[in-house]
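**Q** Got a structure here, written out as structure tokens. Questions coming.
Residue numbers (the numbering used here): 217 to 498.
What follows is the structure, encoded as structure tokens:
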């Protein structure tokens, strides 16, 4: 096979990949584009004070959140960045604690039998109910908001980790024991990889819960944050600015979800390869 032929095949392959990527991007953006178009034309010419035209909301968006000569003094830096830092702090705490506790509970029948009723009790409590309780003991500072996010995000991560550890094939544990793996070696080579699909599932659920709790904790009692600002706009009847805050919150959630997908995709590369092998073998 000549060099020219190989180059032609490579070009065709890269072209096919590019077309496939474009189709995926078009499929991803199609529904948002349709919804924005419906909102734009449906609200055009609206005289309803609570439902201003989307064009008005967009016109107020940049001056509201990014207006001003000093970027560090913009509303984006004063309200959005603190919200992002809170959810990252609370989510990280929940992720570490949930995985550690989940592995501990999942690998020990005695511990699982002891703590399972307590876990089910706390699992049944809606996380937003914790906001006024935490306010009584921790005040209205950042610590309260981070604690609410962490506690709310903890349960899906913890319970999915427990189930993931329990679902590991006993043959794998026996094999690790036969090869005399240390506890750390078993954890790193068997337990974490085997439970990682379930852990990622719980982490994905926890992310959406964390965003909700971030907004709710800032709506109750705060002096900054995205939830606080949206409520202030609503109370001052700045409706276009309020809708702009809702749009910004949706964009923030989409970006966090995208980052999560990228990270989880790299973590589960082996798992996706395994599924692909299973499908090809079938």
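Built from N, CA and C at the ideal position, the CB exists for glycine as well.
Just how far apart, CA to CA, sit residue 179 and residue 451?
**A** Nothing about residue 179 can be read from this structure; the chain reaches only from 217 to 498.
**Q** Looking at the structure shown, is residue 276 part of a helix, part of a strand, or coil, going by DSSP?
**A** As a position in the chain shown, residue 276 is number 60, starting the count at 1. In this structure, residue 276 counts as helix in the three-state DSSP scheme.
**Q** Indicate whether the contact test is met: 3 or more Cβ pairs, each with one atom in the segment 424-441 and one in the segment 343-361, closer than 8 Å.
**A** Result yes; three or more Cβ-Cβ pairs closer than 8 Å.
**Q** Run the CB neighbour count on residue 352, radius 10 Å, all protein chains shown included, and call it buried at 16 or more, exposed below.
**A** Working through the chain shown from its first residue, we reach residue 352 at position 136. It is exposed - the Cβ of residue 352 has fewer than 16 other Cβ atoms within 10 Å.
**Q** Could you tell me how far apart the beta carbons of residue 380 and residue 411 are, in whole angstroms, since I believe they sit closer than 8 Å?
**A** Walking along the chain shown from the start, residue 380 turns up at place 164. Walking along the chain shown from the start, residue 411 turns up at place 195. 3 Å between Cβ atoms; contact.
**Q** State yes or no: is the C-beta of residue 456 within less than 8 Å of the C-beta of residue 272?
**A** The sequence position of residue 456 within the chain shown is 240, counting from 1. The sequence position of residue 272 within the chain shown is 56, counting from 1. Yes, the pair counts as a contact, with Cβ atoms nearer than the cut-off.
**Q** Would a C-beta distance cut-off of 8 Å place residue 302 and residue 445 closer than the cut-off?
**A** Here residue 302 corresponds to residue number 86 of the chain shown, with the count starting at 1. Here residue 445 corresponds to residue number 229 of the chain shown, with the count starting at 1. No, they are not a contact pair.
**Q** Sorted by chain position, which residues of the same chain lie with C-beta nearer than 8 Å to residue 423's C-beta, five sequence neighbours on each side aside?
**A** As a position in the chain shown, residue 423 is number 207, starting the count at 1. Once the five neighbours on either side are set aside, the close Cβ partners of residue 423 are 307, 369, 472, 473 and 476.
**Q** Apart from the five residues just before and just after residue 447, which ones in its own chain have a Cβ nearer than 7 Å to its Cβ?
**A** The count along the chain shown starts at 1 and reaches residue 447 at position 231. So the list reads 435, once near-sequence residues are dropped.
**Q** With a Cβ-Cβ cutoff of 8 Å, do residue 318 and residue 407 count as a contact?
**A** Mapped onto the chain shown, residue 318 falls at position 102. Mapped onto the chain shown, residue 407 falls at position 191. No, the Cβ-Cβ distance between residue 318 and residue 407 is not below 8 Å.
**Q** State the DSSP-derived secondary structure class of residue 355, mapped to helix, strand or coil.
**A** The residue you call residue 355 lines up with position 139 of the chain shown. If DSSP states are grouped into helix, strand and coil, residue 355 belongs with coil.
**Q** Specify, as a first and last residue, the run of the alpha helix (DSSP H) that residue 477 falls within.
**A** By one-based count along the chain shown, residue 477 stands at place 261. 455-483 is the span of the alpha helix (DSSP H), which, as asked, contains residue 477.
**Q** Report the option in 489, 458, 236 and 299 whose CA atom is closest to the CA atom of residue 266.
**A** Taking the first residue of the chain shown as 1, we reach residue 266 at position 50. Nearest option by C-alpha distance: 458.
**Q** Mapping DSSP to helix, strand and coil, what is residue 248?
**A** Here residue 248 refers to the residue found at position 32 of the chain shown. Three-state result, residue 248: helix.
**Q** Give the secondary structure of residue 203 by DSSP, where H, G and I count as helix, E and B as strand, and everything else as coil.
**A** The question about residue 203 has no answer, for the chain in this structure spans 217 to 498.
**Q** For residue 413, count neighbouring Cβ atoms within 10 angstroms of its own Cβ and tell me buried if that reaches 16, exposed if not.
**A** Taking the chain shown and counting its residues from 1, the one referred to as residue 413 is at position 197. Answer is buried; the Cβ neighbour count reaches 16.
**Q** Looking at the secondary structure, which residues open and close the alpha helix (DSSP H) in which residue 307 lies?
**A** Locating residue 307 in the chain shown gives position 91, counting from the first residue. Element bounds for residue 307: 297-322.
**Q** Which term fits residue 316, buried or exposed, when burial requires 16 or more other beta carbons within 10 angstroms of its beta carbon?
**A** Here the question's residue 316 lines up with position 100 in the chain shown. The residue in question, residue 316, is exposed, as its Cβ has fewer than 16 Cβ neighbours within 10 Å.
**Q** Could you tell me the distance, in whole angstroms, from the CA atom of residue 339 to the CA atom of residue 372?
**A** Against the chain shown, residue 339 aligns to sequence position 123. Against the chain shown, residue 372 aligns to sequence position 156. Cα to Cα, residue 339 sits roughly 9 Å from residue 372.
**Q** Candidates 248, 390 and 388: which alpha carbon is nearest residue 463's?
**A** Walking along the chain shown from the start, residue 463 turns up at place 247. Answer by Cα proximity: 248.
**Q** Can you tell me whether residue 465 is buried or exposed, with buried defined as 16 or more other CB within 10 angstroms of its CB?
**A** Numbered from its first residue, the chain shown carries residue 465 at position 249. Label assigned to residue 465: buried.
**Q** Quick one: is residue 327 buried, meaning 16 or more other Cβ sit within 10 Å of its Cβ, or exposed?
**A** Indexing the chain shown from 1 puts residue 327 at position 111. Looking at its Cβ environment, which holds fewer than 16 other Cβ atoms inside 10 Å, residue 327 is exposed.
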